[in-house]
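Numbering (the working numbering), first residue to last: 66 to 491.
Virtual Cβ for every residue (Gly too), placed ideally from N, Cα, C.
Every value quoted in this text rests on a predicted model; they were computed, and no experiment measured them.
Here is the structure we will look at.
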């Protein structure tokens, strides 16, 4: 990150005042169904944080007395203030690129056929295995810098481009170090069950045994992952194989996530609900029964509209999910294959124009529900007393401009732990 992006301050307090809109997203997390329309907007809003934690939220003319000499003061007049965005599904640490495959898909070649030919994930696996830890870390840092500039203050990152013990652990170690060194919080997910490596072709059950017996224990012992995710899909990992992996991961202290019902309706959403997974992601082909199960289980439905856009596939049924009482999060699915983009503005635009989501639902899906999808809603995702002072200031006075100024990055400042860490005017 360039030094000019960081405003160094030794002030004990952060004071935000005169926000045209201070959008709190406060309330029980995650917000489900009709509650996703509730944002908690304070006009002429103000916020006070001490040592990185929010201690007061309200109207500017009701601010408590504080020694302003001890405050870093941000005048948000004419601007909307939001919780920092949580990108709850990415694959940000990888080597190599696959631009040619993007155009193969546009030419009609199905994803599973690309995978059969040794392309797809396996192409990235080869490049990632060859990359050093230092190279992966440098790439990861550059990507986090770009995400931060779009208002992302917390991001989930998956492994899954090693499909062996050494590289999977290297990816997770990189994320662990970036989490400690970079302003953006990185929530690490082990996803060794992302594809079948070539040396296990035709022996998927044996690869599952390898993950359970050798890789998962090493991941747990090193403490480098919070979640375990599985690509539960026809021709990749079956419902039963996915259940075995996630059950073993839970026994080792890892929480469950699931790539569910992306290509075919396999029952992944139902499995995620059964296991009490923190989130079920993709869901393009989720069944009515699966959607209903998510709504009653409390599992967050994480929708990735840019992936459907890039693959030219039907979008997940976000409107049906919300109307049936499900908590919906939005994320980018940034990865080198099916969605080489971490554009929060494009996610917001697609959510409105293609998913039928309202501006309020989109904001909640990118903040409090995204935080819930990574098990962090107790500390981030909303602007309320006791939570971390992670905020985004927009260039415009209303949250509606996230969609209205379609596809444009309108973030003017990003604040993390009560400090300005990115400023467009710098």
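Exercise. Identify every residue that forms a DSSP beta bridge with residue 375.
Key: Beta-bridge analysis with DSSP links residue 375 to no other residue.
Self-check item: Straight-line gap, residue 150 to residue 436 (C-alpha atoms, nearest Å)
Solution: The alpha-carbon atoms of residue 150 and residue 436 are separated by roughly 9 Å.
Quiz item: Does DSSP put residue 477 in a helix, in a strand, or in coil?
Solution: strand
Quiz item: Closest by CA to residue 359, which one among 338, 375, 474, 343?
Solution: 338
Quiz item: To which residues of the same chain is residue 66 closer than 7 Å at the C-beta, ignoring the five residues directly before and after it?
Solution: Because the pLDDT at residue 66 is just 39, under 50, the model does not fix this residue reliably, and the value given afterwards should be weighed accordingly. Excluding residues within five positions, the ones whose Cβ falls inside 7 Å are 210.
Quiz prompt | DSSP state of residue 346 mapped onto helix, strand, coil | solution = It is a strand residue.
Practice problem: Could you name the residues of the same chain whose beta carbon sits closer than 8 Å to that of residue 191, not counting the 5 residues immediately before and after it, in chain order? | Solution: 161
Self-check item: Buried or exposed (CB count within 10 angstroms, at least 16 for buried), residue 159
Solution: buried
Quiz item: Does the Cβ of residue 479 have 16 or more other Cβ atoms within 10 Å, making it buried, or fewer, making it exposed?
Solution: That one is buried.
Quiz item: How many angstroms separate the CA atom of residue 197 from the CA atom of residue 369?
Solution: 30 Å
Quiz item: Can you give the Cα-Cα distance for residue 208 and residue 157, rounded to whole angstroms?
Solution: 7 Å
Self-check item: Separation of residue 301 from residue 121, as counted between CA atoms
Solution: 49 Å
Quiz item: What's the gap between the Cα of residue 203 and the Cα of residue 129?
Solution: 43 Å
Quiz item: Considering residue 468, what are the terminal residues of the alpha helix (DSSP H) in which it resides?
Solution: 466 to 469
Quiz item: Thinking C-beta only, is residue 90 closer than 8 Å to residue 148?
Solution: Their beta carbons are under 8 Å apart, which means residue 148 touches residue 90 by this criterion.
Exercise. Quick one: residues in its chain with C-beta nearer than 6 Å to the C-beta of residue 410, no 5 flanking neighbours on either side, listed in chain order?
Key: 472, 473, 474
Exercise. Can you say whether residue 312 is buried or exposed, counting buried as having 16 or more other CB atoms within 10 angstroms of its CB?
Key: exposed
Quiz item: If you drop the 5 nearest sequence neighbours on each side, which residues of the same chain put their C-beta closer than 6 Å to that of residue 351?
Solution: 326, 334
Exercise. Work out the CA separation of residue 418 and residue 117 for me, nearest whole Å.
Key: 36 Å
Quiz item: To the nearest angstrom, how far is it from the Cα of residue 381 to the Cα of residue 432?
Solution: 19 Å
Quiz item: Would residue 170 be called buried (16 or more neighbouring beta carbons within 10 Å of its own) or exposed?
Solution: buried
Practice problem: Take residue 214 as the anchor and find which of 470, 77, 466, 458 has the nearest alpha-carbon. | Solution: 458
Practice problem: Can you tell me which of the three DSSP states residue 256 falls into? | Solution: strand
Quiz item: Is residue 243 helix, strand or coil when you go by DSSP?
Solution: helix
Quiz item: In whole angstroms, what is the alpha-carbon distance linking residue 308 and residue 281?
Solution: 14 Å
Self-check item: Exposure of residue 271, with buried meaning 16 or more beta-carbon neighbours within 10 Å
Solution: Exposed, since its Cβ has fewer than 16 Cβ neighbours within 10 Å.
Quiz item: According to DSSP, which residues form a beta bridge with residue 115?
Solution: Residue 115 is bridged to 78, 118.
Quiz prompt | Nonlocal neighbours in the same chain, by C-beta distance under 6 Å from residue 299, ignoring five residues either side | solution = The answer, listed in chain order, is 329, 331.
Quiz item: Which value, in whole angstroms, describes the spacing of the CA atoms of residue 403 and residue 187?
Solution: C-alpha separation (whole angstroms): 13 Å.
Self-check item: Given residue 361 as reference, the closest of 377, 388, 373 once Cα atoms are compared
Solution: 388
Quiz item: What residue range is occupied by the uninterrupted alpha helix (DSSP H) comprising residue 202?
Solution: 198 to 214
Quiz prompt | Reference residue 346; option with closest CA among 318, 319, 386 | solution = Ranking the options by Cα distance to residue 346, first place goes to 386.
Quiz prompt | N-terminal and C-terminal residue of the beta strand (DSSP E) that residue 321 is part of | solution = Where residue 321 is concerned, the enclosing beta strand (DSSP E) stretches over 320 to 325.
Practice problem: Could you tell me the distance, in whole angstroms, from the CA atom of residue 103 to the CA atom of residue 476? | Solution: 22 Å
Self-check item: Beta-bridge pairing of residue 147 - partner residues as DSSP gives them
Solution: 457
Quiz item: What number of angstroms, rounded off, separates the C-alpha of residue 253 from the C-alpha of residue 240?
Solution: 6 Å
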